[in-house]
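Using the working numbering, you'd call the opening residue of the sequence shown number 2 and step up by one each time. We treat Cβ as the ideally placed atom computed from N, Cα and C, and that holds for glycine.
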Amino acid sequence: MTDRDLPIPDFDHVPLGNLTEHLTALDREQLEVLLDHENAHGARLPVLERIRHRIEALDGGAEPTGSVPEHLPETSAGASAPADVTPATAGPTINPPSHGVPTNPAQPR
């Protein structure tokens with residue numbers, strides 16, 4: 002079975018933070034397919050734990066909810082970095098002592 006044939010397309014590339022959202026729409030059989038695939042390929046412990054937790058929830062009476070989201074953001078939209086470093090945004094200049102660095106045992110004072 003290819004990665005595209007799994008219940009979650011490109012399952013191996015879904016970020017861990019988005020995985021739970023993908024798993025809620027799957028039934029037990031689909032989760033078992035993912036569990037077998039993960040055990041055979043990546044065996045990533047956090048992924049296995051989330052799948053097993055969802056299977057336990059379904060066994061406890063939970064129902065699959067919603068649909069499998071196809072386009073969740075792959076990374077968070079954090080603050081953008083400044084385009085250029087200017088003297089106003091640069092850090093202070095560092096002038097090490099000429100006789101050595103006290104924190105470096107290879108160059109004691």
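Handout entry: Minimum Cβ-Cβ distance from residue 45 to chain C less than 7 Å
Key = The displayed structure is made up of one protein chain only, and chain C is not part of it.
Practice task
Answer with buried or exposed for residue 46, where buried requires no fewer than 16 other C-beta atoms within 10 angstroms of its C-beta.
Solution key: exposed
Problem - Contact belief for residue 17 with residue 24 at Cβ below 8 Å, rounded distance in angstroms - result: That pair is no contact at about 11 Å.
Problem - Contacting residues, own chain, Cβ-Cβ under 7 Å from residue 7 (five flanking each side not counted) - result: 34, 35, 38
Exercise for the section: Answer with buried or exposed for residue 86, where buried requires no fewer than 16 other C-beta atoms within 10 angstroms of its C-beta. Expected result: exposed
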